[in-house]
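Same order as they appear, the protein sequences are chains A and B. In terms of full-length UniProt numbering, the first sequence opens at residue 1 and continues consecutively. In terms of full-length UniProt numbering, the second sequence opens at residue 1 and continues consecutively. Virtual Cβ for every residue (Gly too), placed ideally from N, Cα, C.
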Amino acid sequence: MTTPGTTAVPGMTGMTAQVLRSEWTKIKSVRSTVWTLGVAVVVTVGVGALISGLSAREYKNLSVESKIKFDPTFTSFAGMGLGQLALIVFGVLVVSNEYSTGMIRTSLAAVPQRGLFLFSKITVATALAFAVGMATSFAAFFTGQAMLGEHSVALGDPGVPRAVVGGGLYMTLITVFSMGVATMLRSPLLALGILMPFFFLVSAILGNVPATKKVGQYLPDQAGQKVMQVVTAGNDAPYGPWAGLGIMVLWVLAALAGAYAVLLRRDA
Amino acid sequence: MIEAVGLTKRYGAKTAVHNLSFQVRPGTVTGFLGPNGSGKSTTMRMILGLDVPSAGHVTIGGLPYRRLPNAPRKVGALLDAKAVHGGRTARKHLLALAQHAGIPARRVDEVLGVVGLQEVANKRAKGFSLGMGQRLGIAAALLGDPEVLLFDEPVNGLDPEGILWVRNLMKSLAAEGRTVFVSSHLMSEMALTAEHLIVIGRGQLMADMSVKDFIAANSAGFARVRTPDGEAEGREKLTAALVEAGGQVLPEQDGALRVTGLPLPRISDVAHAADVRLWELSPHQASLEEAYMRMTQGAVDYRSTADPRAALQPPAPAPWQQPLAAAPPDWPESSYPVLPGERPNPYAQPPAAPPQAPPAPPAPQAAPTTAPADLTKRDSEDAR
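Pasting the structure below:
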C-alpha cells in the first residue's frame, strides 16, 4: 500500500496540537458550554453577593462567638456550593456528550491514541474552567466585600489572596473531577445523578453530622473548600488550607487515573 | 487492503463474530452482507481498533489500525449517521474531525460540496434527516482523502437519488484504486454496487466470492407447475412422478407446485406420461435476494412469524392469492424481472450444481406458512 506524500506523519507534539485544537473547536461549538459556565458565574457571584448583603445586615445580632468565627472572605464565596453544580454539569457534558451521541467512535477512530484523546479533551475543558473559575472567584470576592461594607476585608489582607486564588482552583478541580467520573460512567444521566446529589447534599450531611464528620472532611469538596477560609477559628480539620486542596487534588488524580484505565481497556 | 484472520469477538456468552477470515482488496467495491445482528458492525469496529478482538486479528495494509501511522488520513469510516452532536453545525463537526487528523480547514468545504450539504453547512445537525446524516457521515469519511474507506449501511434513509449517488461514489472511489468496504443488509443494493461479496450470518463467513460467481451459484431457477383446480389426485400423481424422476417438489400456497432439479421439457414429458393435464408450466428465476435469504436462513437472529390476525378481521383471502388466481395460465414472461447480470434461465440448459455453499433444503413445515408469501414480494422488489 502506498502512502501519498500528503500524509506525512506528524510527531507527538504536532499530533497533540491537532487534537487540542480539535477539542477546542468541539467545546466552543456547542451551546451547553456557554450556558453551564454562564450559570456557574452568575449563581456563584449572585448568591455570594446576596448572602454577603444579608450577613452585613445581621452582623450586629450575631453572638460574640459567631462574630469571632465570622469569615468575610468565605462568606463572599457562599454561592460556590450552588455554582459548582453548574460546573459539574459542564464537566459531565463535555465528556459524556461523546458517548450519548456516539461521536466517541468517530473521535477514537480519528485519535487511536486514547490517552492523547482523553487528556487533550480534559486539558481544554480544564483550561476553560480555570479561566472561568478564577474570574468567578475574584468577581465573587469583590462583589461580596462590597456588599459586606464595614465588615469587609481587602485583597491584600493576610490569607485573603490564597483564599481567592484557591476559590478559582477549587472550581477548576471540581470540574476535572466531574470529567473523570463521567468518563468512567459514560452516561450523562448516571454521572449527574451521582455527582449532583453527592456534592449538594450527601457531602454536606456527612461533613456536619458529628458521627461522620471525621470521614466527611476528607471528601473532595469538604477538603478543597478549606483553602477558601481565612478565619480558621472553629475549624477543627487536622490539615491546613493547602493540604485540604491537596486532598482534593488526590481525589481528582484518582478519578483521572480511573478514567484513563477504563477508556484504555473498554471497547468503544 | 484489509485482512482479517480468525477474527472472533465474544461479549460474555454471546459470540458476535466467530473465526472470520477475509481480505478486502483495493480497486473494487467489496460488499459486506449479513442480516441484522450478524456481526457486520462489530467487525467494522474491530477493523477500526474500537473494539479489541477476543481472538484473531485484523490489519490494514499489514498493520492493526491502532498502530497505523496517521490512521485517520489512511482510513475513513462512516459507522453511524446519527453519531453527531445535535447542537453542533455540520461545518464545525467536520472541522473538529479535520483538526483531529491535521487536515486543513478548506478540505471541510470541499467534502461538504462533494456530499451536497453546502446549503446546510451552518445548520445544527439535530435538524438533519437520516439521509442528511448519512451524507454528513460520508463527508467525514472522505475528509482525509483516505486509501481505505469503510461504510456501514450508507444508503439507509437515503432517497432513490441519494442511493444512486452513493452507488456511483463507491464505484468511483474504487476506480481510483481505493479499498472500499461497504456493509449492507440489502442484497439487491450490493448486487448493483459491489464487485465482490463477503456474506456473514451469525458472525460466521458464509460466502466470499465475486458478485458474478454469487449470482451464478445462487440464482438457481425453478419451474411453476399448476394442475387443473379441483383435481387433487392429479396433483398428487404428478408430484409423485416428478419426485421419482429426480426433481424436488414444494407446494405453493395457491395450489401450484414449485419444481427444481428438472428442466421444463422433462417436466412436460413426465406429466404427459403420468396422464396429468397442466394449466401452467412456467420458468422462474430465483432472485439474488432469495439466494441470500436461503444462504443466511439458518443464521437470522430476528425472524418474524406469520401474523394470524386472529379475530381482528373477517376471514378473507390473503392479498397474494388474488393476482395469482386471476393470472392467466400463459403468464407473461415480463412478470418476472431479471436483474442485470443475472444468468440466463438454467432451465434452457441442464441445471448445474452450485459450486459452493449448496443451499440447505428448505424445511417443509416452514415453507407453506411464511416463505412463499415473502418470495412473491421479493420478486417485485427486485424490479427496482
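Given this structure, state the Cα-to-Cα distance separating residue i from residue j, to the nearest angstrom.
| i | j | result |
| --- | --- | --- |
| Ala-255 of chain A | Asn-97 of chain A | 18 Å |
| Phe-181 of chain B | Ile-198 of chain B | 10 Å |
| Gln-118 of chain B | Val-30 of chain A | 20 Å |
| Thr-8 of chain B | Val-17 of chain B | 5 Å |
| Lys-212 of chain B | Gly-261 of chain B | 22 Å |
| Asp-229 of chain B | Val-243 of chain B | 21 Å |
| Gly-86 of chain B | Ala-191 of chain A | 20 Å |
| Lys-14 of chain B | Lys-40 of chain B | 15 Å |
| Ala-327 of chain B | Ile-267 of chain B | Here the model assigns Ala-327 of chain B a pLDDT of 40, short of 50, so the residue's position is not dependable and the matter cannot be decided. |
| Arg-226 of chain B | Leu-186 of chain B | 32 Å |
| Leu-206 of chain A | Leu-185 of chain A | 24 Å |
| Arg-91 of chain B | Ala-175 of chain B | 28 Å |
| Thr-239 of chain B | Leu-257 of chain B | 8 Å |
| Gly-240 of chain A | Val-230 of chain A | 11 Å |
| Asp-307 of chain B | Lys-123 of chain B | 43 Å |
| Trp-35 of chain A | Ala-17 of chain A | 27 Å |
| Val-39 of chain A | Ala-86 of chain A | 6 Å |
| Arg-73 of chain B | Glu-147 of chain B | 8 Å |
| Leu-192 of chain B | Arg-167 of chain B | 8 Å |
| Gly-49 of chain B | Arg-66 of chain B | 6 Å |
| Leu-173 of chain A | Met-147 of chain A | 28 Å |
| Leu-68 of chain B | Val-92 of chain A | 31 Å |
| Glu-3 of chain B | Ser-203 of chain A | 53 Å |
| Phe-128 of chain B | Leu-118 of chain A | 28 Å |
| Met-228 of chain A | Val-19 of chain A | 34 Å |
| Met-170 of chain B | Val-111 of chain A | 25 Å |
| Arg-265 of chain A | Gly-79 of chain A | 39 Å |
| Leu-32 of chain B | Ala-83 of chain B | What sits at residue 32 of chain B in the sequence shown is Phe, not Leu. For Phe-32 of chain B and Ala-83 of chain B, the distance between alpha carbons rounds to 21 Å. |
| Thr-30 of chain B | Gln-84 of chain A | 52 Å |
| Leu-81 of chain B | Leu-130 of chain B | Checking the displayed sequence, the identity of residue 81 of chain B turns out to be Ala instead of Leu. Taking the straight line from one Cα to the other gives about 7 Å. |
Determine the closest residue to residue i out of the options, with distance taken between C-alpha atoms.
| i | options | result |
| --- | --- | --- |
| Asp-150 of chain A | A:Ala-56, A:Ser-32, A:Leu-264, A:Pro-238 | Sequence check: residue 150 of chain A is Glu here, not Asp. When each option's Cα is compared against that of Glu-150 of chain A, the closest is A:Ala-56. |
| Leu-94 of chain B | B:Ile-138, B:Pro-64, B:Tyr-65 | B:Ile-138 |
| Met-248 of chain A | A:Val-230, A:Val-176, A:Gln-229 | A:Val-176 |
| His-100 of chain B | A:Ser-120, A:Tyr-99, A:Gly-102, A:Val-95 | A:Ser-120 |
| Asn-208 of chain A | A:Val-181, A:Asp-236, A:Ile-194, A:Met-184 | A:Asp-236 |
| Gly-133 of chain B | B:Leu-79, B:His-185, B:Asp-145 | B:Leu-79 |
| Ala-49 of chain A | A:Ala-139, A:Gly-14, A:Ala-259 | A:Ala-139 |
| Val-160 of chain A | A:Ile-51, A:Thr-73, A:Ala-259, A:Val-19 | A:Thr-73 |
| Glu-189 of chain B | B:Leu-158, B:Gly-203, B:Gln-285 | B:Leu-158 |
| Tyr-218 of chain A | A:Pro-158, A:Met-196, A:Leu-201, A:Gly-246 | A:Gly-246 |
| Thr-89 of chain B | A:Thr-25, A:Ala-154, A:Leu-250, A:Gly-216 | A:Thr-25 |
| Leu-20 of chain B | B:His-57, B:Ala-223, B:Met-1 | B:His-57 |
| Gly-201 of chain B | B:Thr-43, B:Tyr-11, B:Gly-255 | B:Thr-43 |
| Val-259 of chain B | B:Ala-216, B:Gly-221, B:Ala-207, B:Pro-104 | B:Gly-221 |
| Gly-115 of chain A | A:Gly-216, A:Met-15, A:Ala-78, A:Pro-158 | A:Met-15 |
| Gln-204 of chain B | B:Asn-156, B:Val-52, B:Asp-275, B:Thr-296 | B:Thr-296 |
| Glu-289 of chain B | B:Ala-55, B:Leu-63, B:Gly-34 | B:Gly-34 |
| Pro-238 of chain A | A:Ala-257, A:Tyr-260, A:Val-215, A:Leu-253 | A:Val-215 |
| Ala-140 of chain B | B:Ile-163, B:Gly-131, B:Val-115 | B:Val-115 |
| residue 272 of chain A | A:Ala-268, A:Trp-242, A:Thr-232 | The requested residue 272 of chain A does not occur in the structure, where chain A is confined to residues 1 to 268. |
For residue i, list the residues DSSP reports as bridge partners.
| i | result |
| --- | --- |
| Lys-14 of chain B | B:Tyr-11 |
| Arg-124 of chain B | B:Thr-89 |
| Leu-169 of chain B | Paired residues: none, contrary to the question. |
| Leu-3 of chain B | Strictly speaking, residue 3 of chain B in this sequence is Glu, with Leu absent from that position. Note: Glu-3 of chain B sits in a beta bridge opposite B:Gln-23, B:Thr-59. |
| His-196 of chain B | B:Thr-30, B:Ser-210 |
| Leu-281 of chain B | B:Val-225 |
| Thr-123 of chain A | Thr-123 of chain A is not bridged to any residue. |
| Phe-181 of chain B | B:Thr-30, B:Leu-150 |
| Gly-201 of chain B | B:Gln-204 |
**Asked** Quick one, which residues of the stretch 89-106 of chain A are near chain B if we go by CB-CB under 7 Å, in chain order?
**Response** If the cut-off is 7 Å between Cβ atoms, the stretch 89-106 of chain A has Asn-97, Thr-101, Gly-102, Met-103, Arg-105, Thr-106 near chain B.
**Asked** In the stretch 57-74 of chain B, which residues sit with their C-beta less than 7 Å from some C-beta in chain A, listed in chain order?
**Response** Those would be Gly-61, Tyr-65, Arg-66, Pro-69, Asn-70, Ala-71, Pro-72, Arg-73, Lys-74, in chain order.
**Proximal residues, the stretch 251-280 of chain B versus chain A, C-beta separation under 7 Å** = Those residues of the stretch 251-280 of chain B that come within reach of chain A (Cβ to Cβ, closer than 7 Å) do not exist; the list is empty.
**Asked** Do the stretch 137-147 of chain A and the stretch 102-122 of chain A meet, that is, are 3 or more Cβ pairs less than 8 Å apart?
**Response** no
**Request:** Select from the stretch 109-138 of chain A all residues with a C-beta closer than 7 Å to any C-beta belonging to chain B, and list them in chain order.
**Result:** Listed by position, the residues of the stretch 109-138 of chain A near chain B (Cβ gap below 7 Å) are Ala-109, Ala-110, Val-111, Pro-112.
**Asked** Using 8 Å as the threshold, is the stretch 16-34 of chain B in touch with the stretch 189-198 of chain B, meaning 3 or more CB pairs across them?
**Response** Taking a cut-off of 8 Å for Cβ pairs, the stretch 16-34 of chain B and the stretch 189-198 of chain B touch, as three or more such pairs fall below it.
**Asked** Going along the stretch 191-214 of chain B in order, which residues come within less than 7 Å of chain A, judged by CB to CB distance?
**Response** none
**Request:** Residues of the stretch 18-50 of chain B with a CB closer than 8 Å to any CB of chain A: list them in chain order, please.
**Result:** Pro-26, Arg-45, Leu-48, Gly-49, Leu-50
**Interfacial residues, the stretch 1-19 of chain B to chain A, with Cβ spacing under 7 Å** = If you check each beta-carbon in the stretch 1-19 of chain B against every beta-carbon of chain A, the ones closer than 7 Å belong to Met-1.
**Request:** With 8 Å as the C-beta to C-beta threshold (strictly closer), list the residues of the stretch 116-143 of chain B near chain A in chain order.
**Result:** Ala-140
**Request:** Name, going along the chain, the residues of the stretch 224-240 of chain B whose beta-carbon falls closer than 7 Å to a beta-carbon of chain A.
**Result:** none
**Prompt:** Residues in the stretch 99-114 of chain B with C-beta within 7 Å of chain A's C-beta atoms, listed in sequence order?
**Reply:** Gln-99, His-100, Ala-101, Gly-102
**Asked** Of the residues that make up the stretch 76-91 of chain B, which ones have a beta carbon closer than 8 Å to any beta carbon in chain A?
**Response** Ala-77, Leu-79, Asp-80, Lys-82, Ala-83, Val-84, His-85, Gly-86, Gly-87, Arg-88, Thr-89
**Message:** Taking beta-carbon pairs under 8 Å, can you tell me which members of the stretch 141-173 of chain A lie near chain B?
**Reply:** none
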